[in-house]
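S.K.:
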Amino acid sequence: MNRFHLEPRRWYAAELIGEEFGSEIRSYSPIRVDEIRPKGGRRFSLAFYHANYPEGARDKVYELETIERSATFILARSREHSPTRLMLIYFITIAWLREHFGASVSESEDVQAWFARNA
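Per the numbering used here, the very first residue in the sequence shown carries number 144; after that it's consecutive.
#1: Between the beta-carbon of Arg212 and the beta-carbon of Phe164, is there less than 8 Å?
#2: Assuming the contact rule is C-beta atoms closer than 8 Å, Ile217 and Ile232 should be a hit. Round their C-beta distance to whole Å, please.
#3: For Ile168, tell me which candidate among Leu159, Ile235, Gly184, Ala214 has the shortest Cα-Cα distance.
#4: Would you mind listing the beta strand (DSSP E) stretches within the stretch 151-195 that are 3+ residues and don't spill past its ends, in chain order?
#5: Which same chain residues, not among the five before or five after Asp177, have their C-beta less than 7 Å away from its C-beta?
#6: Could you have a look at Leu149 and say whether DSSP puts it in helix, strand or coil?
#7: For Leu240 and Val204, what's the separation of their Cα atoms in angstroms?
#8: Quick check: the Cα distance between Arg260 and Gly245, rounded to an integer number of angstroms?
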């Protein structure tokens, strides 16, 4: 089985899930992976650019532990946030950008190329 893996300098869709997001429970953000450092035992450090965060505080590093990994996503738990924060990361699409951010992007547009020009 192929397993989802993150590549530096690529954009992904992310859902941050936790109590701090109120009744919605989750927050959506495009993220650009800057660096991944495996730590062993399903743990890894993820440095990323959090596009849906206030300017000046978008560069993040999370210490994560994989809960589930399939061919299309990775679900991880932050080892440093309390209350618990989960992070679901998967391939980003134009449809996802439109749905969550109202982005005006053509379906024929390559999502990685669009971010290269607009982020």
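The C-beta atom is built at its ideal place from N, Cα and C for all residues, glycine as well.
M.R.: According to the structure shown:
#1: Taking the sequence shown and counting its residues from 1, the one referred to as residue 212 is at position 69. Taking the sequence shown and counting its residues from 1, the one referred to as residue 164 is at position 21. In this structure, Phe164 does not lie closer than 8 Å to Arg212 by Cβ.
#2: Residue 217 sits at position 74 when you count from the first residue of the sequence shown. Residue 232 sits at position 89 when you count from the first residue of the sequence shown. Right, their Cβ atoms sit about 5 Å apart.
#3: As a first step, residue 168 must be located in the sequence shown, where it is residue number 25. The shortest C-alpha separation from Ile168 is found at Leu159.
#4: 154-161, 169-183, 186-193
#5: To locate residue 177, count along the sequence shown from 1; it is residue 34. Result list for Asp177: Pro151, Ala190, Phe191, Tyr192, in chain order.
#6: Position 6 of the sequence shown holds residue 149. Three-state result, Leu149: coil.
#7: Position 97 of the sequence shown holds residue 240. Position 61 of the sequence shown holds residue 204. So the alpha carbons of these two residues sit roughly 23 Å apart.
#8: As a position in the sequence shown, residue 260 is number 117, starting the count at 1. As a position in the sequence shown, residue 245 is number 102, starting the count at 1. Straight-line Cα distance between these residues: approximately 17 Å.
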